[in-house]
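Peer 1: Protein chains in written order, with our numbering: chain A, 9 to 121; chain B, 77 to 195.
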Amino acid sequence: SQTIHQWPATLVQPVGSPLSLECTVEGTSNPNLYWYRQAAGRGLQLLFYSVGIGQISSEVPQNLSASRPQDRQFILSSKKLLLSDSGFYLCAWSVGAGKETQYFGPGTRLLVL
Amino acid sequence: AQKVTQAQTEISVVEKEDVTLDCVYETRDTTYYLFWYKQPPSGELVFLIRRNSFDEQNEISGRYSWNFQKSTSSFNFTITASQVVDSAVYFCALSEFRWGGTSYGKLTFGQGTILTVHP
């Protein structure tokens, strides 16, 4: 069966520091991968999605970036964090004919001080 | 543009009551998918159901049931005999279609409904 991992689970970072969040999927191949951010415990906003290694599409312009160095690895990065980057970051994957259904990881809570 | 509206911000019920969560959507696509996810206090989103736009048959899974009405662009979720463990934030979502009818998976989420079930 497929599983998805995210780390770290929680992170407290000062403004201006770099960021690296990692997401890995097990038990599947060639998944679509997604990064979402959830602010203030409510609605989810799609940040990036990837349909294959090295292929990244950005949905929202910001100081974040994403990379997919391996088929089942998705990394979210920032060179300099802003206060507004605080939130709950969720990684998701989808597979299958249309890859419609997304399954989410446990998330990373990021607090920027 | 796609839009999902969950007008109920918070709902509070007592255990064993039935509760319906409303979801109204907007899309120009003729083919699309609708979803419900549950987010318990732990934070992880749990997939509950996917419904195709061309299948308006209602679905029941244990205490959960879903009512899809294309004519009113609604996809409501009912929990029968609610339990404390049902307390969570529930999200309705809509999937876009691209690439000749295939979805690349972009989901548009509603703002969520906080459900609290009291013992």
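We put the beta carbon where it would ideally sit given N, CA and C, even for glycine.
#1: Under 7 Å, CB to CB, which of the residues in the region 88-110 of chain A have a partner in chain B?
#2: Taking the C-alpha atoms as reference points, what is the distance between Ser75(A) and Pro195(B)?
#3: What are the boundary residues of the beta strand (DSSP E) that Gln133(B) is part of?
#4: List the residues that DSSP assigns as beta-bridge partners of Ile12(A).
#5: According to DSSP, is Thr178(B) part of a helix, a strand, or is it coil?
#6: Anything in chain B within Cβ reach of Pro114(A), meaning under 8 Å, just list it in chain order.
#7: Mind checking whether Trp142(B) and Phe130(B) have CB atoms under 8 Å apart?
#8: Just to confirm the assignment, what range does the beta strand (DSSP E) spanning Ser118(B) have?
#9: Hey, out of Ser28(A), Gln10(A), Asp79(A), Arg50(A), whose CA is closest to Phe96(A)'s CA?
#10: Against chain B, with Cβ distances strictly below 8 Å, would Gly35(A) count as a contact?
#11: Taking a cut of 7 Å between CB atoms, which residues from the region 75-89 of chain A lie near chain B?
#12: Considering just the uninterrupted stretch of the beta strand (DSSP E) at Gln21(A), what are its terminal residues?
#13: Using a Cβ-Cβ distance cut-off of 8 Å, determine whether Gln187(B) contacts chain A.
#14: Taking C-beta pairs closer than 7 Å, name the residues in chain B that Arg50(A) reaches, listed in chain order.
#15: Do Tyr108(B) and Ala169(B) have their C-beta atoms within less than 8 Å of each other?
#16: Could you tell me the distance, in whole angstroms, from the CA atom of Tyr111(A) to the CA atom of Gly24(A)?
#17: Going by the DSSP bridge assignment, what does Asn152(B) pair with across the sheet?
#18: Quick one: is Gly176(B) buried, meaning 16 or more other Cβ sit within 10 Å of its Cβ, or exposed?
#19: Is it true that the region 30-49 of chain A meets the region 82-102 of chain A, where meeting means three or more beta-carbon pairs spaced less than 8 Å apart?
#20: Just verifying my parser: in three-state terms, what is the DSSP assignment at Val161(B)?
Peer 2: This is what the structure holds:
#1: Phe96, Leu98, Ser102, Gly106, Lys107, Glu108, Thr109, Gln110
#2: 46 Å
#3: Per DSSP, Gln133(B) belongs to no beta strand (DSSP E) and is neither H nor E.
#4: Val33(A)
#5: At Thr178(B) the pLDDT is 46, less than 50, meaning the model places this residue with poor confidence and gives no usable figure here.
#6: Ser118, Gly119, Glu120
#7: no
#8: That residue, Ser118(B), is in no beta strand (DSSP E); it is neither H nor E in DSSP.
#9: Arg50(A)
#10: no
#11: none
#12: 18-21
#13: yes
#14: Gln187, Gly188
#15: no
#16: 32 Å
#17: Asn143(B)
#18: Caution applies to Gly176(B), whose pLDDT of 49 falls short of 50 and renders its modelled position unreliable; the value that the coordinates give is listed next. Gly176(B) comes out exposed.
#19: yes
#20: helix
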